[in-house]
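In this note's numbering, the protein residues as written are 39 to 452.
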């Protein structure tokens, strides 16, 4: 493994000390109380965050100082943990540890997709170059997938961080929510959206075969995680999909041996335009098989969930977070979730912060007033995702978070 040079080493240790200090600060205590209340099912103070996963070139890259590649990877992680507090003053909790996960993978079809991205900085769009043109005649290209773990890589990373930062930030093994949310995504990335939609009409048997193949591979992957003793607790300050956290009072904090003791994640944003009946035919039966393997569950990304809630998603008694994107009837979703254990995980419209020019503060207040009213009576978590740029203006992000918090505090009712 690459040696960390003395100059880079001191930069990393300086950042580690900063993370440790933030983790033990009174501000972090206040934020942790919000998350603990949410995880305990108490409707107290909603959490509000501005997530930078689509614009790290503006908040991470410009602030990096390390020169070695291994050092830069650790530096990027440390800087990322501090963005919510240093730049935006949002409700991102900070751990007094350097968290590392097992390097595992699961590929359900044994064939790689091919996509083309524009040659620009931080491209958001891409074009799928189909490797399957006609599922009915090319079903044999789907050979069943594979899964595994790179123990050596994970253990080497753990040892490096321990030696480098362990006296400041002890390395900690964590596990994110168990993922199976990408069954339809894998198919679309191989075929393209139009071909996938046509296949549901032209060759439904092959679509079912492909979905069953993916579902079976994930079931085998879960068995592998259990057999290989790769499972870890998914509670407290552990990540769950869609950039949230696993605070809860239902899952074990130690001695996890089965996936039914863990948090899982499902979604199917690729089928958001099909009818609820088609979703129920081609997607839900396979998701339902996997949902039974989880202790708790998050659902959704950018898709509509309002139309499929009554007949499908509401059947999962272990569901605890529901992604509510702007494409939903948010008032209706609020009615569905009000008084329940399922958090209204709001993904607000991004254009209010990405629009050129100064922030339209009145429009932002009016928008978050509506969101807060729709989510009143619900466990409420706000994560501003799908942001492509804040034009490198950190104060813009901070002000946006401030406006969202102030408005939610005023209009959201427990």
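Glycine is no exception: its CB is placed at the ideal position from the N, C-alpha and C atoms. On a predicted model such as this, the values are computed, not experimentally measured, just so you know.
Would you report the Cα separation of residue i and residue j, rounded to the nearest angstrom?
i	j	result
residue 415	residue 429	35 Å
residue 418	residue 80	10 Å
residue 152	residue 280	24 Å
residue 349	residue 368	18 Å
residue 274	residue 358	14 Å
residue 118	residue 98	7 Å
residue 449	residue 443	10 Å
residue 135	residue 185	28 Å
residue 318	residue 306	12 Å
residue 292	residue 172	47 Å
residue 445	residue 259	44 Å
residue 127	residue 84	15 Å
residue 396	residue 91	22 Å
residue 145	residue 64	43 Å
residue 215	residue 339	14 Å
residue 178	residue 229	14 Å
residue 203	residue 176	51 Å
residue 267	residue 295	7 Å
residue 154	residue 160	13 Å
residue 71	residue 166	44 Å
residue 302	residue 337	9 Å
residue 421	residue 225	28 Å
residue 343	residue 321	13 Å
residue 209	residue 132	14 Å
Buried or exposed: residue i, going by 16 or more other Cβ atoms within 10 Å of its Cβ?
i	result
residue 95	exposed
residue 265	exposed
residue 423	buried
residue 282	buried
residue 189	exposed
residue 57	buried
residue 158	exposed
residue 287	exposed
residue 68	exposed
residue 227	buried
residue 372	buried
residue 41	exposed
residue 385	buried
So residue i is in the beta strand (DSSP E); what residue range does that whole segment cover?
i	result
residue 411	Note, residue 411: premise wrong, no beta strand (DSSP E); alpha helix (DSSP H) at 399-413.
residue 358	357-362
residue 422	418-422
Determine the extent of the alpha helix (DSSP H) in which residue i is found, giving its start and end residues.
i	result
residue 41	That residue, residue 41, is in no alpha helix (DSSP H); it is neither H nor E in DSSP.
residue 250	242-265
residue 199	189-203
residue 369	368-375
residue 382	Element bounds for residue 382: not the alpha helix (DSSP H) but the beta strand (DSSP E), 381-384.
residue 318	314-320
By DSSP, does residue i sit in helix, in strand, or in coil?
i	result
residue 78	coil
residue 392	helix
residue 224	helix
residue 177	helix
residue 330	coil
residue 448	helix
residue 60	helix
residue 95	helix
residue 306	coil
residue 85	strand
residue 352	helix
residue 207	coil
residue 268	coil
residue 143	strand
residue 185	strand
residue 106	coil
residue 217	strand
residue 138	strand
residue 284	strand
residue 278	strand
residue 427	coil
residue 438	helix
residue 132	coil
residue 164	coil
Report back the beta-carbon spacing between residue i and residue j to the nearest angstrom; my notes put them in contact at under 8 Å.
i	j	result
residue 435	residue 162	Wrong, their Cβ atoms sit about 18 Å apart, outside the cutoff.
residue 391	residue 360	With 8 Å as the limit, residue 391 and residue 360 do not qualify as a contact, their Cβ atoms being about 23 Å apart.
residue 335	residue 304	7 Å
residue 327	residue 253	6 Å
residue 310	residue 289	Incorrect: roughly 29 Å between the Cβ atoms, too far for contact.
residue 164	residue 249	About 24 Å separates the two Cβ atoms, so there is no contact after all.
residue 50	residue 116	7 Å
residue 207	residue 54	5 Å
residue 212	residue 313	So it is not a contact: roughly 39 Å between Cβ atoms.
residue 439	residue 121	Not a contact, Cβ separation roughly 11 Å.
residue 387	residue 364	5 Å
I'd like to know if residue i contacts chain B, where contact means its C-beta is closer than 9 Å to some C-beta of that chain.
i	result
residue 364	In summary, chain B is missing from the structure at hand, where a single protein chain is found.
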